[in-house]
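Just so we're aligned, residue 1 is where the sequence shown starts under the UniProt record's numbering, counting upward by one.
Working notes, structure below.
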Amino acid sequence: MGSQEMDQLAPREVFYANSMQSIMAFRSEFQPRRDDILLISFPKTGTTWLIALCHNILSLDDDEKEEVDVLAKMNPHELVPPLDVNFLSDQVQDLLLNPGRSKGRLLQTHLPYNCLPESVRNSGCKIVHVARNPKDTLVSMWHFYNKILKLSEMERAAESFCSGVLPCGSFYEHVVGYWEESNKRPEEVLFLKYEELSRDPEEQVRKLASFMRRPFSSMEDGDAEVEKVLRRSSFNRLKELEVNKNGVWELHRLPNNTFFRKGTVGDWKCYLTPQMAKRIDQLTRLKLQGTGLSL
Ligand code: A3P
């Protein structure tokens, strides 16, 4: 299929059949609270990092009482599993009832904006979305699926990416949906980029914490807190923890190490041919045209 025909495809959300019951239950039964913080991303755009950052920001207050570092022993996805495909599991139901902290539940989903439960859209709860360069997302996704399913060649993965036939549907519809919503409702929807987090983590994490109503002080103790959050959430630290080297995320029977590969920006250069990169760049320009978003 040529790239023009590909562009004409109107991808809709694609979900695995065995997840549909759970996603439908999530959409109809989930009851958000005003102080919930919902972390949302297209897969492989930095979900793990975002969970760690937000958890570590919210844990600062608990730290004053006692030294708590839950992520030293638990993979971020185990701590905050995706609501959509796990909504009917005991673990998620328990998490919703007993979030383990008094101030606001930290929750996560990969659903596109137009598939969110109606209740979320009208709840006033906070949404943090993280996006990433499409070529790096594709490469990260290719590695991930190859590791767990031994799937396909990069060329086929690129085709799927461009046509939007992926779990959670089109990358572009996903990011544009949240981008537009963040422009309409900046108090309720924060749009972050993996590359900006990598380039200027201090500033981005301050922005994130303020948005979560847990701002850092501009004084020295604020700097120390920022440093603590970044250190605890850092790729090198998390990747080397025993739980993430050898542990398994039981809910999905996935080795935790599948979530930690390189953690860099621009790794696509090692995997995509110039033709593939050009095609994705063209598609990105087309899909983001007029939105004001660049990735
Ligand atoms: P790479 O495959 O490019 O290394 P997700 O968390 O959405 O599944 O995305 C996974 C990507 O985020 C992987 O990218 C992974 O290595 C990277 N990642 C995981 N934890 C990270 C962290 N703490 N900091 C930066 N990147 C991280």
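Ideal placement from N, C-alpha and C gives every residue a C-beta, glycine not left out.
Because the structure is a prediction, the values reported are computed rather than measured.
Restricting to Cα atoms, I'd like to know which of Arg285, His77 and Asp267 is closest to Asp244.
The sequence given here places Asn at residue 244; Asp does not occur at that position. For the residues Arg285, His77 and Asp267, the minimum Cα distance to Asn244 belongs to His77.
Of the residues Asn75, Ser210, Ala52 and Asp221, the one placed nearest Lys126, counting alpha carbons only
The shortest C-alpha separation from Lys126 is found at Ser210.
Shorter than 7 Å, the distance from the beta carbon of Trp49 to the closest heavy atom of the ligand A3P, or not?
True, at least one ligand heavy atom lies under 7 Å from that Cβ.
Segments of 4+ residues assigned as alpha helix (DSSP H) that fall wholly inside the segment 103-159
118-121 and 134-149
For Lys239, which residues from the same chain have a beta carbon less than 6 Å from its beta carbon, with the 5 sequence-adjacent residues on both sides left out?
Closer than 6 Å at the Cβ level, and outside the excluded window around Lys239, lie Phe260.
Please list the segments of the alpha helix (DSSP H) lying wholly inside the segment 198-223, counting only runs of 4 or more residues, in order along the chain.
With a minimum length of 4 residues, the continuous alpha helix (DSSP H) runs that stay inside the segment 198-223 are 201-211.
How many angstroms separate the CA atom of Ser140 from the CA atom of Lys44?
Their Cα atoms are separated by approximately 6 Å.
What would DSSP say about Asp7, mapped onto helix, strand or coil?
Reliability of the predicted coordinates at Asp7 is poor, the pLDDT of 37 falling under 50, and the value obtained from them is presented with this limitation in mind. Of the three classes helix, strand and coil, the one that applies to Asp7 here is helix, per DSSP.
According to DSSP, is Pro76 part of a helix, a strand, or is it coil?
helix
From which residue to which residue does the beta strand (DSSP E) around Lys193 run?
Val189 to Lys193
Between Leu288 and Asp281, what straight-line distance do the alpha-carbon atoms span, to the nearest angstrom?
10 Å
Should Leu39 be labelled buried (16 or more other beta-carbon atoms within 10 Å of its own) or exposed?
Buried: at least 16 other Cβ atoms inside 10 Å.
Tell me where the beta strand (DSSP E) around Leu283 begins and ends.
Segment Pro274 to Leu288 is the alpha helix (DSSP H) holding Leu283; no beta strand (DSSP E) there.
Could you check which residue in Asn133, Ala131, Ala157 and Lys135 has the C-alpha nearest to that of Trp142?
Ala157
Bounding residues of the beta strand (DSSP E) (the contiguous stretch that carries Leu38):
Ile37 to Ser41
Neighbourhood of Val265 by C-beta distance below 6 Å, restricted to the same chain and skipping five residues each side:
Here the set comprises Glu195 and Ser198.
Buried or exposed (CB count within 10 angstroms, at least 16 for buried), Asp84:
buried
Is DSSP giving Leu238 helix, strand or coil here?
helix
With the cut-off set at 8 Å, would you say Val189 and His129 are in Cβ contact?
For Val189 and His129, yes; Cβs fall inside 8 Å.
According to the Cβ coordinates, are His216 and Arg206 closer than 8 Å?
In the sequence as presented, His is not what sits at residue 216; that position holds Phe. Cβ atoms of Phe216 and Arg206: closer than 8 Å.
For the structure I just gave you, are there three or more beta carbon pairs, one from the segment 42-59 and one from the segment 223-237, closer than 8 Å?
Using a C-beta cut-off of 8 Å, the segment 42-59 makes contact with the segment 223-237, since at least three inter-stretch Cβ pairs fall below that distance.
Quick check: the Cα distance between Phe42 and Ala131, rounded to an integer number of angstroms?
Taking the straight line joining both Cα atoms gives about 7 Å.
Roughly how many whole angstroms lie between the Cα atoms of Glu5 and Thr137?
In this prediction, Glu5 scores a pLDDT of 37, lower than 50, which makes its location untrustworthy; no coordinate-derived value is stated.
Can you tell me whether Val226 is buried or exposed, with buried defined as 16 or more other CB within 10 angstroms of its CB?
buried
Quick check: the segment 173-181 against the segment 98-107, are there 3 or more CB pairs under 8 Å?
no
Backbone CA spacing between Lys147 and Glu153 [nearest angstrom]
Each residue's alpha carbon lies about 12 Å from the other.
Once the 5 residues before and after Gln91 are set aside, which same chain residues still bring their CB inside 8 Å of it?
Pro81 and Leu251
Val165 - DSSP class collapsed to helix/strand/coil:
coil
Please check the pair Tyr113 and Glu187, which I expect to be a contact at CB under 8 Å, by giving their CB distance rounded to whole angstroms.
Tyr113 to Glu187, Cβ: 16 Å. No contact.
Where Val85 sits in the DSSP three-state scheme:
helix
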